[in-house]
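Below is one structure; the comments refer to it alone.
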Amino acid sequence: MQNEEGQNMDLYIPRKCSATNRLITSKDHASVQLNVGHLDEFGRYSGQFTTFALCGFIRAQGDADSALDRLWQKKKTEIGQQ
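Going from the sequence shown to this note's numbering is simple: count from 1 and add 308.
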């Protein structure tokens with residue numbers, strides 16, 4: 309919900325898993341949110357990052373590392389990073 313100034317007034321905004329598009333509920337205590345930093349052509353951090361959220365289901369299945377790798381490979385081509 310937004311107020312008259314356009315500010316978000318909700319107390320809790322649920323996230324979605326980047327790998328499965330499942331909603332990450334407030335009771336999913338196994339979920340994680342990771343920020344992956346972008347590098348410049350010299351391999352230095354450029355100050356930008358991409359955020360990925362993984363639900364507890366993916367982590368419990370042991371697929372978090374492969375899901376994160378797949379998501380980053382796709383995002384890396386979009387942003388033009390080597």
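In this text, a Cβ means the ideal position worked out from N, Cα and C, and glycines have one as well. Small disclaimer: the values here were computed from a predicted structure and weren't measured.
Here Arg378 carries a helix assignment [DSSP, helix/strand/coil]. Here DSSP, grouped into helix, strand and coil, assigns Ile366 to helix.
Straight across, the Cα-Cα distance linking Leu379 with Gly351 is about 20 Å. Ile387 sits in a helix when the DSSP states are folded into three classes.
The shortest C-alpha to C-alpha distance from Gln369 to any of Leu331, Gly314, Ala327 is the one to Ala327. Going by DSSP, Leu347 is part of the beta strand (DSSP E) stretching over 340–347.
Here Ser339 is buried, its C-beta having at least 16 other C-beta atoms within 10 Å. Taking all protein chains shown into account, Phe360 has 16 or more neighbouring C-beta atoms within 10 Å of its C-beta and is therefore buried.
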